[in-house]
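Before any comments, here is the structure.
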């Protein structure tokens, strides 16, 4: 069944977002942002994709971006369903940056020593198949551990990396994430830039597109999850139900953790 053009989080809506950005902004990867120094474009979009699952969806999103001349950064988790070397390499060949979506502190229940060994082991899996310069923590909201805390004890630069998607992001960036099925939703527990007070809320992708079209904001740091963006009604409905259940659970966690 075809999706209505009015529904949010569809591939049709993603194409509209790409079209709006292409006309107004330059595109840079996370690696380019971190290493640019004072040579950043005046108007730019830093596009980031967290591949929690469904790497085939990531490949489809990457192909759409390639049509629009968009170069983005793709962060893959290391598990048997997500870490698919052929897809990772295909996305890199399109000109996109590949990074590691690490979650080693939550996987090891806060054991710092085990976490850093697992990090190095998983990082080497990427180094064996692609170029990798930046990393990004996986939120793992059901865990009590914030994976970014690993870098309170170690320095990711010692592993040949130049940046971390949150810790290396300047406070001048205007961050937007589709976590919580909105743009900077209130159900977003960890997906934000530490120390930044900027939190512009766009309820829908149409609202985000309007912000882009107005050209009043000089930069956008946009993070989205490709598996959320669907092309048929059945898959879209199933993910809507999943998001609804997950957001409800996060509201409970917020209360419990206070």
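Residue numbers (my numbering): 81 to 338. Glycine included, C-beta positions come from ideal geometry on N, C-alpha and C.
Residue i classed as buried or exposed, judged by whether at least 16 other C-beta atoms fall within 10 angstroms
i, result
"residue 337", "Confidence at residue 337 is low in this model, with a pLDDT of 46, below 50, so the placement of that residue should be treated as unreliable; the coordinate-derived value is given next. With fewer than 16 other Cβ atoms within 10 Å, it is exposed."
"residue 314", "exposed"
"residue 244", "buried"
"residue 157", "buried"
"residue 308", "buried"
"residue 212", "buried"
"residue 130", "buried"
"residue 299", "buried"
"residue 334", "Below a pLDDT of 50, predicted positions are generally treated as unreliable, and residue 334, at 47, falls in that range; no measurement from the model is reported."
"residue 161", "exposed"
"residue 321", "exposed"
"residue 208", "exposed"
"residue 183", "buried"
"residue 281", "exposed"
"residue 264", "buried"
Close-in-space but distant-in-sequence residues of the same chain around residue i (CB under 6 Å, 5 per side omitted)
i, result
"residue 331", "For residue 331, the predicted model reports a pLDDT of 47, less than 50, meaning its position is unreliable and no value from the coordinates is stated."
"residue 174", "142 and 146"
"residue 303", "128 and 257"
Minimum C-alpha distance to residue i - residue among the options
i, options, result
"residue 124", "107, 196, 118 and 223", "107"
"residue 214", "302, 279, 168 and 242", "242"
"residue 192", "140, 284, 247 and 231", "231"
"residue 246", "261, 240, 263 and 219", "219"
"residue 127", "117, 119, 148 and 133", "148"
"residue 89", "229, 156, 285 and 166", "285"
"residue 85", "321, 310 and 290", "310"
"residue 189", "229, 305, 169 and 118", "229"
"residue 248", "199, 217 and 258", "217"
"residue 262", "283, 274, 301 and 276", "283"
"residue 274", "209, 227 and 205", "227"
"residue 301", "294, 279, 316 and 206", "279"
"residue 296", "91, 122, 164 and 117", "122"
"residue 167", "198, 134 and 144", "134"
"residue 203", "289, 186 and 240", "240"
"residue 91", "196, 144, 136 and 120", "144"
"residue 165", "197, 287, 317 and 210", "210"
Endpoints, the alpha helix (DSSP H) within which residue i is located
i, result
"residue 184", "184 to 187"
"residue 209", "Neither: residue 209 is in no alpha helix (DSSP H) and is coded neither H nor E."
"residue 114", "110 to 115"
"residue 137", "135 to 147"
"residue 301", "Careful: residue 301 lies outside any alpha helix (DSSP H), inside the beta strand (DSSP E) at 299 to 304."
"residue 166", "165 to 173"
"residue 307", "Run containing residue 307: none; DSSP gives neither H nor E here."
"residue 105", "No alpha helix (DSSP H) holds residue 105; DSSP gives it neither H nor E."
Cβ-based neighbour list, residue i, same chain, cut-off 8 Å, excluding 5 preceding and 5 following
i, result
"residue 171", "138, 139, 142, 154 and 178"
"residue 205", "158 and 163"
"residue 319", "89, 307, 308 and 310"
"residue 87", "93 and 316"
Residues of its chain near residue i, where Cβ-Cβ distance is below 7 Å and the 5 sequence neighbours each way are ignored
i, result
"residue 151", "107, 109, 175 and 176"
"residue 194", "188"
"residue 181", "130, 131, 155, 156, 157, 216 and 218"
"residue 200", "239"
"residue 186", "220, 223, 225 and 227"
Enclosing beta strand (DSSP E) for residue i [first to last residue]
i, result
"residue 155", "153 to 156"
"residue 375", "Residue numbering for the chain in the displayed model covers 81 to 338; residue 375 lies beyond these limits and cannot be assessed."
"residue 264", "Looking at the DSSP string, residue 264 is not in any beta strand (DSSP E), and its letter there is neither H nor E."
"residue 217", "214 to 217"
"residue 128", "124 to 131"
Contact test: residue i Cβ vs the ligand GDP heavy atom, cutoff 7 Å
i, result
"residue 162", "What this structure holds is no ligand at all, so the ligand GDP is not there to describe."
Proximity test, Cβ basis, 8 Å: residue i and chain C
i, result
"residue 244", "Going by chain labels, chain C is absent from the structure shown, which holds only one protein chain."
(request) Count the CB pairs spanning the region 89 to 104 and the region 229 to 240 that are closer than 8 Å, and state whether there are at least three. (result) no
(message) Using 8 Å as the cut-off, can you tell me whether the region 113 to 122 makes contact with the region 240 to 257, which would need three or more C-beta pairs spanning the two stretches below that distance?
(response) yes
(request) Taking 8 Å as the threshold, find out whether the region 88 to 98 comes into contact with the region 211 to 230 through three or more Cβ pairs. (result) no
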